[in-house]
Every structure is written in C-alpha cells, then in structure tokens.
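Q: Below you'll find the structure I mean.
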Amino acid sequence: MAHENTVMEVSALENGTVIDHIPADSLFKIINILSLDKITNRITFGTNLESKRIGIKAIIKVADMEVDRNYLSRIALFAPEARLSYIKNFEVAQKIKLVVPDTIEGGVKCANPVCVTNHEKVTPRFDVVDKCHIALRCCYCEKITTSDRFEIIK
Numbered sequence: 012m013a014h015e016n017t018v019m020e021v022s023a024l025e026n027g028t029v030i031d032h033i034p035a036d037s038l039f040k041i042i043n044i045l046s047l048d049k050i051t052n053r054i055t056f057g058t059n060l061e062s063k064r065i066g067i068k069a070i071i072k073v074a075d076m077e078v079d080r081n082y083l084s085r086i087a088l089f090a091p092e093a094r095l096s097y098i099k100n101f102e103v104a105q106k107i108k109l110v111v112p113d114t115i116e117g118g119v120k121c122a123n124p125v126c127v128t129n130h131e132k133v134t135p136r137f138d139v140v141d142k143c144h145i146a147l148r149c150c151y152c153e154k155i156t157t158s159d160r161f162e163i164i165k
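For what it's worth, the working numbering labels the leading residue of the sequence shown as 12, then goes sequentially.
Written out as structure tokens, the structure reads:
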C-alpha cells in the first residue's frame with residue numbers, strides 16, 4: 012500500500028512503450044516474444060505487483076521503442092487483459108487494449124510433434140477456439156494446443 016511520502020524509484024518514460032496488466036507468470040514470455048534481451052534501450056519491468064483487474068500483474072516499460080503492431084496478437088495470447096501505451100513527451104499518445112485474435116500465424120509452435128509445421132518450412136497457423144482459456148487449433152493437423160503448452164518460436 013502506498014504512503015504519502017513514497018518516492019518512485021522508476022522514472023517516467025519520455026518516449027517509448029508501456030505494457031501493463033500482464034499476468035505475472037507471463038512476463039518473461041512477453042520479454043521473449045519482443046526479444047527485449049537483445050536490445051540496448053532502457054527497460055524497466057516489475058512483477059508480482061497488485062492489480063485490481065487481474066490480481067497479480069507485471070509491467071514492462073521500454074524507452075525509445077514502439078512495439079511493432081505485428082506482435083500484439085502474440086502478446087495477447089499470453090496477456091489477454093494487457094494494455095499497451097505509446098508514450099510521447101511524457102504523455103500517453105495512444106492506448107491499446109490487446110485483443111485475442113480469431114487466428115494467429117507464427118509465433119507459437121504446434122504441440123503435435125508430427126505436424127508438418129515442425130518438420131518443414133511452413134509457418135504455423137492456428138484458429139483460436141477458446142479466447143477465455145486460450146486454446147488454438149492447428150490449421151494443418153487440427154491438434155489443439157492450450158496456453159499451458161505454448162512454445163514460443165521466433
């Protein structure tokens with residue numbers, strides 16, 4: 012609980028991206044999806060923070076970077092309640108509520124070890140069959156992959 016004399020130890024972003032309301036157990040998956048371990052921008056993240064919306068959350072702040080919109084559907088698979096804010100001159104320039112898409116192409120490996128996507132140069136493609144508990148049906152082999160079995164691919 013915050014007190015009146017609380018000092019913030021994380022500075023505000025002048026320009027960059029904030030991803031908030033990430034489930035705490037998905038933080039490092041989002042870092043992996045965005046390849047944040049390979050950039051030199053200032054990155055701040057916090058985890059196991061209180062959230063009225065999702066209970067326990069994580070947050071990521073990346074200075075001087077806008078997340079490519081092509082990654083938003085992949086992030087939504089792991090953080091369907093997340094909010095993404097683009098910051099310009101210390102102000103929120105745009106706020107986006109992530110949405111789980113109806114289909115997803117790439118980014119997640121099919122759980123079926125004999126699926127063609129795991130042996131050929133074929134981009135995995137899935138229909139989202141459950142947006143609440145996130146379950147994907149492979150368009151090639153029809154195997155259902157649930158969020159607890161997602162394996163991220165680049």
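Built from N, CA and C at the ideal position, the CB exists for glycine as well.
Report all residues from its chain with a CB closer than 7 Å to the CB of Val139; omit the five preceding and five following residues, and keep chain order.
A: Indexing the sequence shown from 1 puts residue 139 at position 128. So the list reads Val111, Pro112, Asp113, Thr114, Ile115, Leu147, once near-sequence residues are dropped.
Q: Could you give the residue range of the beta strand (DSSP E) that holds Leu147?
A: Translated into the one-based positions of the sequence shown, residue 147 becomes position 136. Element bounds for Leu147: 146-149.
Q: Just the C-alpha distance for Ser84 and Val78, rounded to the nearest angstrom, thanks.
A: As a position in the sequence shown, residue 84 is number 73, starting the count at 1. As a position in the sequence shown, residue 78 is number 67, starting the count at 1. Between Ser84 and Val78, the C-alpha separation is close to 12 Å.
Q: Just checking my contact of Val125 with Glu162 at CB under 8 Å: how many whole Å lie between their CB atoms?
A: Here residue 125 corresponds to residue number 114 of the sequence shown, with the count starting at 1. Here residue 162 corresponds to residue number 151 of the sequence shown, with the count starting at 1. Actually they do not touch by this definition, with Cβ atoms about 15 Å apart.
Q: Please confirm if the region 101-108 is in contact with the region 58-75, defined as three or more CB-CB distances below 8 Å between the two stretches.
A: No, because fewer than three Cβ pairs between the region 101-108 and the region 58-75 fall closer than 8 Å, the two stretches do not touch.
Q: Less than 8 Å between the beta carbons of Ala87 and Leu38, yes or no?
A: Against the sequence shown, residue 87 aligns to sequence position 76. Against the sequence shown, residue 38 aligns to sequence position 27. No, Cβ-Cβ distance for Ala87 and Leu38 is not below 8 Å.
Q: How big is the Cα-Cα spacing for Asn129 and Ser22?
A: Along the sequence shown, one-based indexing puts residue 129 at 118. Along the sequence shown, one-based indexing puts residue 22 at 11. Cα-Cα distance, rounded: 43 Å.
Q: Comparing C-alpha positions only, which one of Thr55, Ile44, Asn52 sits nearest to Asn81?
A: Counted from its first residue, the sequence shown places residue 81 at position 70. It is Ile44 whose Cα lies nearest to the Cα of Asn81.
Q: Taking the C-alpha atoms as reference points, what is the distance between Ser62 and Phe56?
A: On the sequence shown, position 51 is the one that residue 62 refers to. On the sequence shown, position 45 is the one that residue 56 refers to. Looking at the two C-alpha atoms, the distance is approximately 15 Å.
Q: Only counting the same chain, and skipping five residues up and downstream in sequence, which positions put a Cβ closer than 6 Å to that of Val127?
A: What you label residue 127 is simply residue 116 of the sequence shown in a count that begins at 1. Val133, Tyr151.
Q: For the candidate residues Asp141, Lys49, Thr58, whose alpha-carbon lies nearest to that of His32?
A: Numbered from its first residue, the sequence shown carries residue 32 at position 21. Ranking Asp141, Lys49, Thr58 by Cα distance to His32 puts Thr58 first.
Q: Between Asp36, Ile54, Arg64, Asn26, which has its C-alpha nearest Ser158's C-alpha?
A: The residue given as residue 158 occupies position 147 in the sequence shown. The shortest Cα separation from Ser158 among Asp36, Ile54, Arg64, Asn26 belongs to Asp36.
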